[in-house]
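In the numbering used here, the protein residues as written are 1 to 372.
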C-alpha cells in the first residue's frame, strides 16, 4: 500500500504534541473495517504519532500491520482484549476501538484505567431488544464516530452524541498484468463483466443479485457476473440458486481476493446488493476507477450513490437492479458520464488525508474531556 497522504505532510508539524494511540480491532478476516483501521494507522504514523495495534491473534490485519512495521499486540477474544487493556493499556494516550464486538470490554477497561476511548461504528444494523444496554455502552465511550449518517442514527436515538467521519479510499495503482492474468485464468477474455465484492452474508443479499443476473444474462449473451468475497451465512443458498437458475458458467463465485479493487478495472458494471450497509467502501473503490455503479439505497449507500453518481434500487428488488444493469450495458456513454460525476465526488469527499485529520481532532477532544 502506497503512502496514504503523499509528500505534503510526512510528519506532525509539532504545533501540538504527538500522541500515543492504540488501534483496536477484533476481527479475524479482512473486510472494509480492517482496511480502514490500517489506513488510519498509516496516516497517523505519517503525521508523527506513535501507533500500536491490539488485534485478534492470527488475523489478516495483524499480518498486514506487522508487515508494515507496526507494533502489534494480540488477544484471543473479547474478554482477553479487556484484560489486556486493563493490564497494559495505560501507556497509551487514546484507545480507538474499530469493531463493535470489543467495545463493552474496552469501556470497562477504559473506566478502570481512566483512558479516553473512541469508537468507530461501521454498521447500520438496527439495535436489538437490549437497546438499553447498547445505549449505556455507547454513552460511556468518550467519542463515538459513525462512518455515515445511516450508521449514526441508532446511537443518536439512544442519546449518544455521534460525529460522522466517512471511511476513505485510496487511488488504486494500475496493475495491467494482474488484470490480464485474471482474465486469462478465468477464461473471461472478450466477455463483459458485471462484478461485486461482498461476503456471502445475509446482509449483503447475494441471492437478489443472482436473480438479477439471470435476467441480465437472458438479454446479453456476452455478460458474465463475477463475485469476490468470503463465504458466509448465505453461501449455501447462493450456490443453490446459481444451480437452480443454470448460471454455473455465468455467475462465478471467486472467493476472497486480496486487494480486489485493482481488478475492478476489468468490470463494465459494479453492483452492490446490500440490505444493510453503513457506507459501502467497495462502491467508492469502483467510483474512483470510473466504473459505473448500480446499488441499493440501503443505509449509507443512499449517501454514497446520490446526486447522479449511479443507479439506485430498493433492497431485494432484482427486477429494477437487472434493468439498471441492462441500461448501463446498452448505453455505456451515458453510464460513463455518471461515472465521471462519481469520480469527482469521491476524490473530493473521501480522501484519506481528511479522514485522518478529523480523527486526530476527535482524539484531542477525547483527551480534553478526560482532563476536565
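We put the beta carbon where it would ideally sit given N, CA and C, even for glycine.
| Same chain, Cβ closer than 6 Å to residue 97, five either side skipped, listed in chain order | 24, 103, 106, 119
| message | Please report the distance separating the alpha-carbon of residue 86 from that of residue 93. | response | 14 Å
| request: Check whether the stretch 108 to 115 touches the stretch 183 to 195, taking contact to mean three or more Cβ pairs, one atom from each stretch, closer than 8 Å. | output: no
| So, are the CB atoms of residue 124 and residue 151 less than 8 Å apart? | yes
| When burial is assigned at 16 or more other CB atoms within 10 Å of the CB, is residue 292 buried or exposed? | Residue 292 is buried by the Cβ-count criterion.
| query | Thinking C-alpha only, which one of 31, 30, 53 is nearest residue 20? | reply | 53
| In chain order, which continuous runs of the beta strand (DSSP E) of length 3 or greater are located wholly inside the stretch 80 to 146? | Taking only runs of at least 3 residues, the beta strand (DSSP E) segments lying wholly in the stretch 80 to 146 are 94 to 97, 117 to 121, 143 to 146.
| message | So within the stretch 220 to 281, which uninterrupted alpha helix (DSSP H) runs reach at least 4 residues, ignoring any that extend past its ends? | response | 235 to 244, all fully within the stretch 220 to 281.
| Inter-residue spacing [alpha-carbon to alpha-carbon] between residue 325 and residue 369 | 49 Å
| query | Which residue's Cα is closest to the Cα of residue 40: 167, 284, 90? | reply | 167
| query | Nearest to residue 219 by alpha carbon, out of 250, 36, 67, 298? | reply | 250
| query | What is the C-beta distance between residue 217 and residue 223, in whole angstroms, given that I count them as a contact (C-beta under 8 Å)? | reply | 6 Å
| task | Leaving out five residues on either side along the sequence, give the residues of the same chain with a beta carbon under 7 Å from the beta carbon of residue 233. | result | 201, 202
| task | Using 10 angstroms around the beta-carbon of residue 306, count the other beta-carbons present and answer buried if the total reaches 16, otherwise exposed. | result | exposed
| request: Count the CB pairs spanning the stretch 355 to 366 and the stretch 331 to 347 that are closer than 8 Å, and state whether there are at least three. | output: no
| message | Considering only the alpha carbon of each residue, which of 153, 314, 304 lies closest to residue 135? | response | 153
| Which residue spans inside the stretch 304 to 349 form an unbroken alpha helix (DSSP H) run of at least 4? | 318 to 330, 332 to 349
| message | Taking the alpha carbon of residue 238 as the reference point, which residue from 176, 280, 212, 74 has its own alpha carbon closest? | response | 212
| task | Please report the residue range of the beta strand (DSSP E) in which residue 298 lies. | result | Neither: residue 298 is in no beta strand (DSSP E) and is coded neither H nor E.
| query | What is the DSSP secondary structure of residue 77, counted as helix, strand or coil? | reply | coil
| query | How big is the Cα-Cα spacing for residue 160 and residue 278? | reply | Rounded to the nearest whole angstrom, the C-alpha separation of residue 160 and residue 278 is 18 Å.
| In its own chain, which residues sit with a C-beta less than 6 Å from the C-beta of residue 199, not counting the 5 before and 5 after it? | Closer than 6 Å at Cβ, skipping near neighbours: 229, 230, 232.
| said: Once the 5 residues before and after residue 76 are set aside, which same chain residues still bring their CB inside 6 Å of it? | reply: Within the same chain, residue 76 has close Cβ partners 57.
| Neighbourhood of residue 178 by C-beta distance below 8 Å, restricted to the same chain and skipping five residues each side | 262, 263
| request: Report buried or exposed for residue 79, applying the criterion of at least 16 other Cβ atoms within 10 angstroms of its Cβ. | output: exposed
| Span separating the alpha-carbon of residue 358 from that of residue 288 | 21 Å
| said: Quick check on the DSSP output: the alpha helix (DSSP H) that includes residue 64 runs from which residue to which? | reply: 60 to 67
| said: Can you list, in chain order, the residues of its chain with a C-beta nearer than 6 Å to that of residue 206? Leave out the 5 residues immediately preceding and following it. | reply: Taking residue 206 as the centre and dropping the five residues before and after it, the same chain places the C-beta of 200, 234, 238 closer than 6 Å to its C-beta, in chain order.
| 6 Å Cβ shell around residue 340 - same chain, five flanking residues per side excluded | none
| query | Relative to the alpha-carbon of residue 269, which residue among 294, 284, 30, 162 has its alpha-carbon at the smallest distance? | reply | 294
| field | Segments of 3+ residues assigned as beta strand (DSSP E) that fall wholly inside the stretch 161 to 221 | value | As far as the stretch 161 to 221 is concerned, its whole beta strand (DSSP E) runs of at least 3 residues are 162 to 164, 192 to 197.
| query | What's the call for residue 297, buried or exposed, on a 16-neighbour Cβ count within 10 Å? | reply | buried
| Own chain partners of residue 286 with C-beta closer than 7 Å, once the 5 adjacent residues on each side are dropped | The residues are 264, 270, 293.
| request: Would you mind stating whether residue 204 and residue 273 have Cβ atoms separated by less than 8 Å? | output: yes
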